[in-house]
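J.: Here the sequence shown stands for residues 49 to 444, where the numbers follow my numbering.
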Amino acid sequence: MQALTMNAILRVLWILGLLFTLEFGWATACPLVPIPCQLSLDLSRDDPGLCAVINGTVQVTGALNYPMTCVTEIFGDLMIRNNDVLVTLVGMDSLSRVHGSVFVLGNSKLESLSGLGNLSSIGSFEGISASGSFRIIGNPLLTSLVGLTSLTHVEGALTIQSNQALASLDGWKLIYVRFRLLIDSNSALVNMDGLYTLTSFGPTGEVRLTHNRMLTSVRGLDNVTDIPGSLLVIGNSELSSLHGLSRLEFLGGDMWIESNPRLSSLQGLSTLPLLTTVGRDLVILNNTMLPHLAGLEGLTSIGRKLVVRGNTQLEDLRGLQNVRAVREISDEVGAVQMPHGQDSWEFGSCGFISSSGYVQHYCETFQQCQLLGSEYSCNLISPPPPPPSPPLPPPS
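1) DSSP state of D364, grouped into three classes?
2) Do S198 and G171 have their C-beta atoms closer together than 8 Å?
3) Tell me whether D95 sits in a helix, a strand or coil according to DSSP, three-state version.
4) If I measure Cβ to Cβ from V146 and keep anything under 6 Å in the same chain, skipping five residues before and after, which residues do I get?
5) Given this structure, state the Cα-to-Cα distance separating G292 from T273, to the nearest angstrom.
6) Within 10 Å of its beta-carbon, does L70 have 16 or more other beta-carbons around it, so buried, or fewer, so exposed?
7) Tell me which same chain residues have a C-beta within less than 6 Å of the C-beta of S160, skipping the five on either side of it?
8) Use the C-beta contact count for S156: other C-beta atoms within 10 angstroms, 16 or more gives buried, fewer gives exposed.
9) Would you call L222 buried or exposed, if buried means 16 or more other Cβ atoms sit within 10 Å of its Cβ?
10) Is the CB of I83 under 8 Å away from at least one CB in chain C?
11) Identify whether Q86 lies in helix, strand or coil by the three-state DSSP scheme.
12) Ignore the nearest five residues each way along the sequence and tell me which others in G316's own chain have a CB closer than 8 Å to its CB.
13) Along the beta strand (DSSP E) that carries E254, what are the first and last residues, could you check?
14) Out of G186, M337 and R310, which one is the CA nearest neighbour of L153?
15) Could you check where the beta strand (DSSP E) with F182 kicks off and where it finishes?
16) Look up L243 in the DSSP assignment and say whether it is helix, strand or coil.
17) Could you work out which residue in W220, H259, N239 and A236 is closest to T245 when comparing CA atoms only?
18) Could you check if L230 is buried or exposed, using at least 16 other CB atoms within 10 Å of its CB as the buried criterion?
19) Could you give the DSSP three-state label for G421: helix, strand or coil?
20) Can you tell me whether L341 is buried or exposed, with buried defined as 16 or more other CB within 10 angstroms of its CB?
21) What residues are listed by DSSP as bridge partners for R228?
22) So, is F97 buried or exposed, given that buried needs 16 or more other C-beta atoms within 10 angstroms?
23) Do D218 and G242 have their C-beta atoms within less than 8 Å of each other?
24) Would you kindly work out how many angstroms separate the C-alpha atoms of N131 and L143, rounded to a whole number?
25) Rounded to the nearest angstrom, how far is the Cβ of L311 from that of L287, given a contact under 8 Å?
26) What whole-angstrom Cβ distance do Y224 and H201 have, given they're in contact under 8 Å?
27) For I128, is the beta carbon positioned less than 7 Å from some heavy atom of the ligand SAM?
28) Does DSSP classify L317 as helix, strand or coil?
29) In three-state DSSP terms, what is W220?
30) Tell me which residue opens and which closes the beta strand (DSSP E) that T207 is part of.
31) Indicate whether V371 and T336 have their beta-carbon atoms separated by less than 8 Å.
32) What would DSSP say about F123, mapped onto helix, strand or coil?
33) In the DSSP assignment, find the beta strand (DSSP E) that holds E306 and state where it starts and stops.
34) Would you check if the distance between the CB atom of Q209 and the CB atom of A236 is smaller than 8 Å?
35) In the DSSP assignment, the beta strand (DSSP E) including R357 goes from what residue to what residue?
36) For S149, which residues in the same chain have their Cβ closer than 6 Å to its Cβ, ignoring the five residues on either side in sequence?
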């Protein structure tokens with residue numbers, strides 16, 4: 049009965065809105081009272097008419113023949129994929145929110161995201177549940193993200209991947225990504241300046257910058273202070289430094305810096321040496337021009353495994369001198385490769401890592417090893433103070 053009553057009310061509102069529109073001669077205008085519609089659409093063949101809220105999936109398989117003139121919200125996904133016709137997304141200009149995910153995948157002629165200028169958020173978050181990813185993947189002619197001028201929040205993962213002509217991330221004012229930010233295999237991407245408004249992630253959010261062969265800088269992440277998950281910088285052929293990460297204060301997962309052949313400095317992490325802890329693994333692997341680890345001077349604690357290997361120009365381990373606690377050092381042979389001519393990395397009375405990667409420690413567990421003053425020592429956990437002596441009996 050309640051559902052019938054609600055449907056009746058919606059029907060009356062729809063009729064009133066339509067009559068009001070016709071009465072004032074606004075035949076092409078949207079009703080003042082939003083009209084919800086229970087349907088899924090293909091805008092190549094389905095006309096959304098005066099619908100303002102779509103409870104279903106919206107897709108475009110061919111030309112955008114029926115613009116979403118009045119649609120402001122979609123309670124479902126928006127899918128533009130494998131489309132060989134669209135050049136822009138003009139016709140979606142009223143859309144302000146998608147409660148599901150947005151997929152822009154494999155569109156061979158798409159050059160611009162113009163048409164999504166009013167879209168402000170993707171996904172929804174209720175209680176402990178979140179949904180709504182934004183995937184921009186495999187659009188060979190897409191050159192920029194201009195057209196996303198209002199988008200600030202993505203409640204799922206944001207993936208920008210394999211867009212061969214994408215040279216810039218300019219065009220939006222993104223503030224928040226709840227899950228993963230993945231920038232991968234965009235062969236023309238030079239910098240990340242367009243992410244300068246990004247400030248925060250959700251409780252498991254992470255950043256992956258991988259295989260962008262022309263990327264020279266990670267500037268654009270300058271306002272990110274906390275990454276609850278991991279930071280991965282892997283396989284970026286032209287990346288020479290990590291400038292742009294100088295405000296990073298907290299990293300809850302791994303720091304994985306691997307196979308960046310022109311990376312000559314980690315100094316971007318030390319302009320303001322705020323990062324003190326890597327929550328899990330610290331992996332610095334196969335960066336063939338990296339001479340030292342300067343830039344990690346603020347680091348005092350590594351939550352799990354330490355791997356420094358395959359950095360053929362590494363001269364010393366300068367940068368790790370303030371590490372006070374290594375919760376676990378891998379016993380994997382070669383896990384820490386000493387610079388040429390250096391026999392071991394001493395942990396004082398705790399032990400050492402040899403040039404072959406052999407780990408020897410004298411504490412019961414390496415978790416007990418910390419730097420005390422200028423000396424590593426097993427005396428991390430001091431014994432409790434002895435109980436106070438009982439009072440002396442009064443003299444007889």
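Idealized CB from N, CA, C, for every residue including glycine.
This structure is a prediction, so every number in the text was calculated from the model and none was measured.
T.: Walking through what the data contain:
1) Looking at D364 - three-state DSSP - the assignment turns out to be coil, as it is neither helix nor strand.
2) Taking 8 Å as the Cβ cut-off, S198 and G171 do not qualify as a contacting pair.
3) Here D95 sits in coil by DSSP.
4) Close CB contacts of V146 within its chain, under the 6 Å cut and outside five residues either way in sequence, are with I122, L126 and I170 (chain order).
5) Those two C-alpha atoms are separated by around 11 Å.
6) With a pLDDT of 44 at L70, under the threshold of 50, the modelled position of this residue cannot be trusted; read the value that follows with caution. For L70, the number of other beta carbons within 10 angstroms of its own is below 16, and it is reported as exposed.
7) Within the same chain, S160 has close Cβ partners T136 and G195.
8) Exposed, since its Cβ has fewer than 16 Cβ neighbours within 10 Å.
9) That one is buried.
10) The displayed structure is made up of one protein chain only, and chain C is not part of it.
11) Coil at Q86, not helix or strand.
12) Here the set comprises V266, S289, L290, H291, G292, L293, S294 and G343.
13) Counting along the chain, the beta strand (DSSP E) containing E254 begins and ends at E254 to T258.
14) Taking only the C-alpha atoms, the option nearest L153 is G186.
15) Counting along the chain, the beta strand (DSSP E) containing F182 begins and ends at F182 to I185.
16) If DSSP states are grouped into helix, strand and coil, L243 belongs with the helices.
17) Among W220, H259, N239 and A236, the Cα nearest to that of T245 is on W220.
18) Under this definition L230 is a buried residue.
19) Low per-residue confidence applies at G421: pLDDT is 44, beneath 50, and the placement is therefore not dependable enough to give any value.
20) Classification for L341: buried.
21) For R228, which the question treats as bridged, DSSP gives the partners E254.
22) The displayed chain sequence assigns Gly, not Phe, to residue 97. Counting other Cβ atoms within 10 Å of its Cβ, G97 stays below 16 and is therefore classed as exposed.
23) Yes, the pair counts as a contact, with Cβ atoms nearer than the cut-off.
24) The straight-line gap separating the alpha-carbon atoms of N131 and L143 is approximately 20 Å.
25) L311 to L287, Cβ: 6 Å. Contact.
26) Their Cβ separation, rounded to whole angstroms, is 5 Å, which keeps Y224 and H201 in contact under 8 Å.
27) Ligands are entirely absent from the displayed structure, and the ligand SAM is therefore not among its contents.
28) In the structure shown, the three-state DSSP call for L317 is helix.
29) In the three-state reduction of the DSSP assignment, W220 falls in the coil class.
30) Start and end: L206 to Q209.
31) For V371 and T336, no; Cβs fall outside 8 Å.
32) Three-state DSSP puts F123 in coil, outside helix and strand.
33) It spans M303 to E306 - the beta strand (DSSP E) in which E306 sits, taken as one unbroken run.
34) For the 8 Å CB-CB criterion, Q209 and A236 do not form a contact.
35) Annotation for R357: the continuous beta strand (DSSP E) segment containing it runs L354 to R357.
36) If we look at S149 and ignore the five residues flanking it on each side, its Cβ neighbours are D125, G180 and S181.
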